[in-house]
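Chains E and R, in that order, are what the protein sequence lines are.
Last residue of the first sequence: 348 (my numbering), numbering continuous.
Last residue of the second sequence: 348 (my numbering), numbering continuous.
C-beta atoms are modelled at their ideal positions from N, C-alpha and C, and glycine is treated no differently.
Small disclaimer: the values here were computed from a predicted structure and weren't measured.
Number of protein chains: 2
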Amino acid sequence: MTGIRQLADYLDISIGTVSRALNGKADVNAETRRRVLEAAEKLGYVPNQSGRSLRKGSTGVVGFMMQTGPEITSQGDAFFMSVFDGVQTVLSRHKLDLVALLCSSNEDPYAYLQRTVARGFADAIILSATRRNDARFELLHRHDIPFISLGRSLTDVGQPWIDLDFEGMAEVAIKRLVKAGHRDIGIIWPHGDLNLGYLFADRCRQVLAEHGLALSDDHVFRAKPSEAGGYAVAHEIASRSPRPSAIVLVNEILVTGLYKGLEDAGIKPGKDIAIIGRYSPQAQFLSPALTCFTLSLRDLGISLAEHLLSVMPAYQSHYVGQTPRVVWPMTLIEGASG
Amino acid sequence: MTGIRQLADYLDISIGTVSRALNGKADVNAETRRRVLEAAEKLGYVPNQSGRSLRKGSTGVVGFMMQTGPEITSQGDAFFMSVFDGVQTVLSRHKLDLVALLCSSNEDPYAYLQRTVARGFADAIILSATRRNDARFELLHRHDIPFISLGRSLTDVGQPWIDLDFEGMAEVAIKRLVKAGHRDIGIIWPHGDLNLGYLFADRCRQVLAEHGLALSDDHVFRAKPSEAGGYAVAHEIASRSPRPSAIVLVNEILVTGLYKGLEDAGIKPGKDIAIIGRYSPQAQFLSPALTCFTLSLRDLGISLAEHLLSVMPAYQSHYVGQTPRVVWPMTLIEGASG
DNA sequence: CATACGACCGTAATCGTTTTCGGAAATAGT
DNA sequence: ACTATTTCCGAAAACGATTACGGTCGTATG
Chain E
11 MTGIRQLADY
21 LDISIGTVSR
31 ALNGKADVNA
41 ETRRRVLEAA
51 EKLGYVPNQS
61 GRSLRKGSTG
71 VVGFMMQTGP
81 EITSQGDAFF
91 MSVFDGVQTV
101 LSRHKLDLVA
111 LLCSSNEDPY
121 AYLQRTVARG
131 FADAIILSAT
141 RRNDARFELL
151 HRHDIPFISL
161 GRSLTDVGQP
171 WIDLDFEGMA
181 EVAIKRLVKA
191 GHRDIGIIWP
201 HGDLNLGYLF
211 ADRCRQVLAE
221 HGLALSDDHV
231 FRAKPSEAGG
241 YAVAHEIASR
251 SPRPSAIVLV
261 NEILVTGLYK
271 GLEDAGIKPG
281 KDIAIIGRYS
291 PQAQFLSPAL
301 TCFTLSLRDL
311 GISLAEHLLS
321 VMPAYQSHYV
331 GQTPRVVWPM
341 TLIEGASG
Chain R
11 MTGIRQLADY
21 LDISIGTVSR
31 ALNGKADVNA
41 ETRRRVLEAA
51 EKLGYVPNQS
61 GRSLRKGSTG
71 VVGFMMQTGP
81 EITSQGDAFF
91 MSVFDGVQTV
101 LSRHKLDLVA
111 LLCSSNEDPY
121 AYLQRTVARG
131 FADAIILSAT
141 RRNDARFELL
151 HRHDIPFISL
161 GRSLTDVGQP
171 WIDLDFEGMA
181 EVAIKRLVKA
191 GHRDIGIIWP
201 HGDLNLGYLF
211 ADRCRQVLAE
221 HGLALSDDHV
231 FRAKPSEAGG
241 YAVAHEIASR
251 SPRPSAIVLV
261 NEILVTGLYK
271 GLEDAGIKPG
281 KDIAIIGRYS
291 PQAQFLSPAL
301 TCFTLSLRDL
311 GISLAEHLLS
321 VMPAYQSHYV
331 GQTPRVVWPM
341 TLIEGASG
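Right, dumping it as structure tokens:
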């Protein structure tokens, strides 16, 4: 390993000058700087992360916290990978790196986050899969760690967040179905305590009421956010009488299983029952193609990163403004399912 | 932030003793150790990552390298999340943490890895999406970083690897189809330079030859590893004459698009054309259910971690043996597609 | 009683980097 | 010619942890 000391010895100058040269500080001769840069390139010098961050008190790393395990809590892999890509295009301009902080399924997320921030692993955190009440916000706020969340929560410590417009989606979807003549609309509410479920269900109920329709408890279906969950809930739907003539769902992963389950019960999606959901890469390749709501995940990632930077003291000069709270719009793709 | 110094002041002892107590070293009174542990718990002390790893020369972090971006290179959905979960169950027993090192789609993976290891970010690396020739192996070998790869490569620096048994899959699939009477079998080879494509295609060709059958170049279809890629390749398949009566594919993501594309071309999967592929959470919810090869991703992760530990000097006492090279078996799930 | 030894703890060096401070040399100003 | 100012660089102090080393007790052994 070639450190700054080897580099300094090689050039026969002091480590202080080398450091200043590499970091673009003043007080170093142009010619000297050139020599240092050249030698660093030649010897393949890269500053040691631990030494640097110990001294600077910051790591240059932004962490995106997510939970591992077979049951994805809210989104699929492709979802995050696209968001990550957007986040990185912004962060890389500031020489920040993004890593995914992986919380094991058998560790408490709160404890994991506590351990991780106390270690000083990352300068800033991006949270996802926000719950109805989410103590992680208070933790990060208490430790004064810059963070942003992809998702809202009832817990409010003045944190910035960006969230998909589940309420707008509910509104457009319900109105579309009502206009098409549906009077008996059901919704699928993914299991668990994710906040988005509440937002979505509440707004659905509200919009239905505006049209003089009620959302009977009998037509609020709970399902695990997985293909198998979709399959299972299809049989519940099939067994209801009266059976809803349309279904709106907020989770993207459920839909393949849902289609299959309905078909197995002799109910043809798009014909016997209307379905409106969320876009996923498969959505347009189902039969019938899913009518769904989509968004640019990359742009979402970009926005996430920019707003995160705005709450990081060392970078906020670039992005000023009040606490960012963005409800990200989604657009409807007309399929053949509803 | 409460550091070791605050802890020592609080207990009115020296930082040396505190450190020894926390790390289970000798030379510390049982009663003192108890008090230290108690105070650490109470004050929420967690050793600073930078300070510790600077001194120790190791970080306690294992990195899993993967590339971000909308086009997943080889696997989809819950694949990685399940593998991660297995990896972590092993690593956590040794107080090691797993993070995903995210290489942006517009950064060269080799350069990214170089930067990351030179910084001393992780003690060990897990590679995935291995290419036919993969310079990353040489890089890690040169820097003497312990690593393992999920996937083989022609590049050989004596590294350990675990890979799915794509050759076994090819063999079982081809034999099954031949036995069912198929004489004109095509394969889908995902675009790119991933090594698994070569392994799979070569073995298919070989097994066909053993049965006196040839794999015409006309029936080797290249496709982007995505739903859209599956849809596109379906039209190519449909346009061939003679058209293959069966298709074997090694990528799990393609299949939804493939089904749809074939149907749009008036070809019914499982009826007009047999299809055998890889398991994914959707596979059993397609119509007809996909005949596919599956494995326990969690167990794969566990094995990956154990073999990684065996090449990490600080841990290898627990797992001895020669360089591990595991061809991971897959089992057939009989669906209705082929 | 003197010596040896073990148990326990504090001191200080160390890891690799950044950054402050002061000094030397060169240049400019009078 | 003397002072003031600028330019450049080296010395050294941090950052927070681990750990080698030595010192102070108390107890056991001869």
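DSSP state of residue i, grouped into three classes?
i: Q77 (chain E); result: strand
i: D309 (chain R); result: helix
i: F157 (chain E); result: strand
i: S226 (chain R); result: coil
i: F89 (chain R); result: helix
i: I247 (chain E); result: helix
i: I25 (chain R); result: helix
i: D212 (chain E); result: helix
i: G196 (chain E); result: strand
i: L350 (chain E); result: Residue 350 (chain E) lies beyond the residue range present for chain E, which begins at 11 and ends at 348; the question has no answer from this structure.
i: V188 (chain R); result: helix
i: A233 (chain E); result: strand
i: D173 (chain E); result: strand
i: L17 (chain E); result: helix
i: P57 (chain E); result: coil
i: P119 (chain E); result: helix
Does residue i get closer than 9 Å to chain R when you measure Cβ to Cβ?
i: A18 (chain E); result: no
i: P200 (chain E); result: no
i: T78 (chain E); result: yes
i: M11 (chain E); result: yes
i: P57 (chain E); result: yes
Under 9 Å, do residue i and residue j count as touching if we go by C-beta distance?
i: A284 (chain R); j: H192 (chain R); result: yes
i: A244 (chain R); j: D274 (chain R); result: yes
i: S115 (chain R); j: T78 (chain R); result: yes
i: L307 (chain R); j: S92 (chain R); result: yes
i: I158 (chain E); j: L137 (chain E); result: yes
i: V97 (chain E); j: F74 (chain E); result: yes
i: A324 (chain E); j: T99 (chain E); result: no
i: L319 (chain E); j: H151 (chain E); result: no
i: R250 (chain R); j: H229 (chain R); result: yes
i: P351 (chain E); j: P235 (chain E); result: Outside the shown range of chain E (11 to 348) lies residue 351 (chain E), about which nothing can therefore be said.
i: R288 (chain R); j: W171 (chain R); result: no
Should residue i be flagged as near chain E, meaning a C-beta pair shorter than 9 Å?
i: E273 (chain R); result: yes
i: F89 (chain R); result: yes
i: S63 (chain R); result: yes
i: S115 (chain R); result: yes
i: D37 (chain R); result: no
i: P339 (chain R); result: no
i: V109 (chain R); result: yes
i: F147 (chain R); result: no
i: D309 (chain R); result: no
i: E237 (chain R); result: yes
i: G345 (chain R); result: no
In the DSSP assignment, what residue or residues form a beta bridge with residue i?
i: D350 (chain E); result: No statement about residue 350 (chain E) is possible, as the shown extent of chain E runs from 11 to 348 and does not include it.
i: T304 (chain E); result: E:T341
i: R288 (chain E); result: E:F303
i: S138 (chain E); result: E:L160
i: A256 (chain R); result: R:I195, R:A284
i: R30 (chain R); result: R30 (chain R) is not bridged to any residue.
i: V336 (chain R); result: R:I172
Within 10 angstroms of its Cβ, does residue i collect 16 or more other Cβ (buried), or is it exposed?
i: E51 (chain E); result: exposed
i: N58 (chain E); result: buried
i: A183 (chain E); result: buried
i: Q169 (chain R); result: buried
i: L47 (chain R); result: exposed
i: A88 (chain R); result: buried
i: D203 (chain R); result: exposed
i: G348 (chain E); result: buried
i: N261 (chain E); result: buried
i: E237 (chain R); result: buried
i: Q292 (chain E); result: buried
i: M11 (chain E); result: exposed
i: V28 (chain E); result: buried
i: D144 (chain E); result: buried
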